[in-house]
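Going by our numbering, the sequence shown opens with residue 9, and the numbers climb by one from there.
Heads up, the beta-carbon is just placed ideally off N, CA and C, and yes, glycines get one too.
Below is one structure; the comments refer to it alone.
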Amino acid sequence: VSAIDLAVVAGRVHTADGTHADTVAVTGDRIVAVGLERDIRSEYTASDVLHLPGRLVVPGFGDAHVHAPFAGRYAINVALHDIHSLDGYLSHIAAFARANADKPVIYGGGWAMEHFAGGLPTKDLLDSVVPDRPVFLYNRDIHGAWVNSKALDVARIDANTSDPGDGRYERYPDGDPTGLLHEGAAYSFERRFVPAPDRAEWERAILHAQSHLHTLGITSWQDAWVTPDTLAAYRSLADAGTLTARVVAALWWDRHRDRSQIDDLLTQREWATGGNLRATSVKIMTDGIIENGSAAMLEPYLDGCGGHTSNTGHTYLDRDQLADAVTVLDNHGFQVHMHAIGDRAVRNALDACEVAQVRNGRRDARHHIAHVQVVHPADVPRFGSLGVVVNGQPYWAKAEPQMEEHTIPYLGAARAAGQYPFASMLAAGARLAFGSDWSVSTPDPLVEMEVAVTRVDPDHRDRPPLHPHEAITLAQAFEAFTRGTAHVNFMEDAGVVAAGYRADLAVIDADIFTGDTPRPADASVGLTIAGGEVVFGG
Ligand SMILES: [Zn+2]
9 VSAIDLAVVA
19 GRVHTADGTH
29 ADTVAVTGDR
39 IVAVGLERDI
49 RSEYTASDVL
59 HLPGRLVVPG
69 FGDAHVHAPF
79 AGRYAINVAL
89 HDIHSLDGYL
99 SHIAAFARAN
109 ADKPVIYGGG
119 WAMEHFAGGL
129 PTKDLLDSVV
139 PDRPVFLYNR
149 DIHGAWVNSK
159 ALDVARIDAN
169 TSDPGDGRYE
179 RYPDGDPTGL
189 LHEGAAYSFE
199 RRFVPAPDRA
209 EWERAILHAQ
219 SHLHTLGITS
229 WQDAWVTPDT
239 LAAYRSLADA
249 GTLTARVVAA
259 LWWDRHRDRS
269 QIDDLLTQRE
279 WATGGNLRAT
289 SVKIMTDGII
299 ENGSAAMLEP
309 YLDGCGGHTS
319 NTGHTYLDRD
329 QLADAVTVLD
339 NHGFQVHMHA
349 IGDRAVRNAL
359 DACEVAQVRN
369 GRRDARHHIA
379 HVQVVHPADV
389 PRFGSLGVVV
399 NGQPYWAKAE
409 PQMEEHTIPY
419 LGAARAAGQY
429 PFASMLAAGA
439 RLAFGSDWSV
449 STPDPLVEME
459 VAVTRVDPDH
469 RDRPPLHPHE
479 AITLAQAFEA
489 FTRGTAHVNF
499 MEDAGVVAAG
509 YRADLAVIDA
519 DIFTGDTPRP
529 ADASVGLTIA
539 GGEVVFGG
């Protein structure tokens, strides 16, 4: 009989090969055995036993695309993501301002257009609760910001100020700014007038985000864009041993610089990598989003009323620049993580991976394309054949007001029907890894999985599904949040509950795999173990 640290005895353990088990034996950060309680008990004595009758043990989930530091920063400032009315927004902002009288600027985000008349928030609403200090609040998808009059005063933005080249001030008919800043107008305001968090605040933000992700059973993720400041904060948490999740950080490809930036990226990778942190991925933004006509399309957008336009959206790098960037990164052993939403951007991204393979030779690079909202049917099989991983955000694949009003009318029915073609890509041999894009949308894998399976918002189960022919099975969705994310993060010892694997476990209060209609969103995680350590519940 050998001694182990921990035995987790549950109702059932979800094993990769389907063998029947109810107990997991853990020593240090490893799983040493998985089996039936009586067999484990006869072979091992555990210093600690967790009895969880009726519960389901699964591998800790991964998130393939998340913005943990930014989400955590909202959470410790003004987070409006879970509030669903204008009155709710205003009373929350007022309460935060009262409790934080020392903050020179009120910062936050997470508001949704649907709670404002005409979709447009205005400065006077904020003035009624915070008249004396600037308020700056990003919307949910971080493409615009709502500010008060004090913020406009401080930045000297008025009827005579012209729009910046990369953004726009929403205005009243007389030219007076309304308090909504679009794109570059918001980003430059933030850079100039919102105090940047110091190291301690970024560390607090990441730890806050990590605690939240642990409550959802998440034990690893890929941070889809680190800045030098957030990377430094991750590094110091990893050194202190408080980064309990394993994180792959995606460094940022600066599209305004040429390939010589590779030296800086190599330096950052070398400096930042160690312990639970690896800076081995590089993020490239290739296009925008469909809602404002900036995602790159093969055919022009419609005008929203059935008419035609000449707009095919926008690529941040043209096809050759992108291929060149991917080739350089691939040649230096980086994984490339590309944002591509429109079908032209997705094609350019696939072409870039193909060019890199031709020039450098094929290697186990696991480059991935995130969002993949519109994929031309001819490109669907290329993910599998090129070995490019689909980094999907299943929570977005549902019919909701933003989809009905701001997306489908601009794509047209035929193109819209091919959105988020997860079933087609899987059938054509693609590897699928799922992620949330939190704080843009919920990081709860059980909720996201339900959308992947039903194409319906679990909060509105009476709505019709979005293109149900692209729904996948619960087993496939589950795999995308476990083995799929482990694959894309090169975590060969994660994503499966089996001897030798890292002891990353989530314990769910119900067996999500039983029952005729899978409703994983009704279940919740009650206990999370990362690297053998209980990080939530217990
Ligand atoms: Zn993102």
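On a CA-only basis, which of the options is nearest residue i? Give me that one, please.
i, options, result
"Gly96", "Asp110, Gly118, Arg423", "Gly118"
"Pro528", "Asp467, Asp359, Arg106, Val455", "Val455"
"Leu44", "Asp56, His22, Glu307", "His22"
"Ile12", "Asn356, Thr35, His477, Leu434", "Thr35"
"His92", "Lys111, Asp71, Met121", "Met121"
"Asn399", "Pro409, Val354, Glu362", "Val354"
"Thr53", "Val32, Asn156, Thr252", "Val32"
"Leu337", "Ile297, Ile298, Gln269", "Gln269"
"Val504", "Ala518, Glu487, Ile520", "Glu487"
"Leu160", "Gly187, Leu14, Arg148, Arg254", "Gly187"
"Glu1", "Asp184, Gly183, Tyr177, Pro181", "Nothing can be reported for residue 1: it is not among the residues displayed for the chain, which extend from 9 to 546."
"Ala502", "Phe521, Glu478, Gly540", "Gly540"
"Tyr418", "Ile537, Glu408, Ala485, Thr320", "Thr320"
"Thr275", "His264, Cys313, Val290, His73", "Val290"
"Tyr242", "Ala436, Asp524, Ala280, His73", "Ala280"
"Ile301", "Leu259, Gly350, Thr288", "The displayed chain sequence assigns Gly, not Ile, to residue 301. Of the listed residues, the one whose Cα sits closest to Gly301 is Gly350."
"Tyr195", "Ala208, Phe430, Ala479, Val155", "Val155"
"Arg263", "Asp387, Glu209, Tyr324", "Tyr324"
"Gly508", "Ala15, Arg20, Asp37, His28", "Asp37"
"Arg510", "Arg254, Trp233, Gly183", "Arg254"
"Ala407", "Asp387, Thr462, His123, Pro389", "Thr462"
"Val74", "Ile84, His220, Asp132, Phe124", "His220"
Kindly examine ligand 1 and report whether one of its heavy atoms sits closer than 7 Å to the Cβ of residue i.
i, result
"Ala232", "yes"
"Asp445", "yes"
"His376", "no"
"Trp151", "The displayed chain sequence assigns His, not Trp, to residue 151. False, no ligand heavy atom lies under 7 Å from that Cβ."
"His73", "yes"
"Val448", "yes"
Determine, using beta carbons only, whether residue i comes closer than 8 Å to chain B.
i, result
"Leu88", "Absence of chain B from the displayed structure is noted, only one protein chain being present."
Check the C-beta distance from residue i over to residue j and give it rounded, since I have them as a contact under 8 Å.
i, j, result
"Arg286", "Val334", "That belief does not hold up - the Cβ atoms of Arg286 and Val334 are roughly 19 Å apart, past 8 Å."
"Ala438", "Phe498", "That pair is no contact at about 18 Å."
"Met305", "Arg352", "5 Å"
"Leu245", "Leu215", "7 Å"
"Gln401", "Ile298", "Going by Cβ atoms, the distance from Gln401 to Ile298 rounds to 13 Å, so no, they are not a contact pair."
"Asp71", "Pro429", "In fact, because the Cβ distance is near 21 Å, the residues do not count as touching under 8 Å."
"Asp30", "Ala18", "6 Å"
"Asp237", "Trp210", "6 Å"
Practice item. Entirely within the segment 267-303 and at least 3 residues each: give me those beta strand (DSSP E) ranges in chain order. Key: 285-293
Point to revise | Those runs of the beta strand (DSSP E) which lie wholly inside the segment 383-418 and span at least 3 residues | key: 397-400
Review point. With a cut-off of 8 Å, do at least 3 Cβ pairs link the segment 190-204 to the segment 58-67?
Key: no
Review point. Is the segment 439-447 in contact with the segment 327-345, if contact means three or more CB pairs nearer than 8 Å?
Key: no
Point to revise | contact_flag[the segment 507-518, the segment 216-229] where n(CB pairs < 8 Å) is 3 or more | key: yes
**Study point:** Contact between the segment 34-48 and the segment 466-478 (3+ Cβ pairs under 8 Å)
**Key:** no
Review point. Can we say the segment 365-380 touches the segment 342-349, given the rule of at least three CB pairs closer than 8 Å?
Key: yes
Practice item. Jot down the residue ranges of each uninterrupted beta strand (DSSP E) in the segment 29-62, minimum 3 residues, whole runs only, in chain order. Key: 31-35, 38-43
Review point. Touching or not, the segment 77-92 and the segment 109-117, by the rule of three or more beta carbon pairs under 8 Å?
Key: yes
Check your understanding: Quick one: any contact between the segment 119-139 and the segment 417-437, if contact means 3 or more CB pairs under 8 Å?
Key -> no
Review point. What are the complete beta strand (DSSP E) segments, minimum 3 residues, inside the segment 471-530?
Key: 513-516
Practice item. Kindly confirm or deny that the segment 141-148 and the segment 168-176 touch, where touching means at least three C-beta pairs closer than 8 Å. Key: no
Exercise for review: Give, in chain order, every unbroken run of the alpha helix (DSSP H) that is at least 4 residues long and sits entirely within the segment 127-170.
Suggested key: 131-135, 157-162
Practice item. Answer yes if the segment 520-534 comes into contact with the segment 493-508, meaning at least three C-beta pairs across the two stretches below 8 Å, and no otherwise. Key: no
**Study point:** Runs of beta strand (DSSP E) wholly within the segment 333-393 (minimum 3 residues, chain order)
**Key:** 343-348, 376-379
**Study point:** Uninterrupted alpha helix (DSSP H) stretches inside the segment 74-135 (no shorter than 4 residues)
**Key:** 76-83, 94-107, 131-135
Review point. What are the complete alpha helix (DSSP H) segments, minimum 4 residues, inside the segment 200-258?
Key: 207-223, 236-248
Review point. Which ranges would you report for the beta strand (DSSP E) in the segment 416-456 if only whole runs of at least 3 residues count?
Key: 440-442
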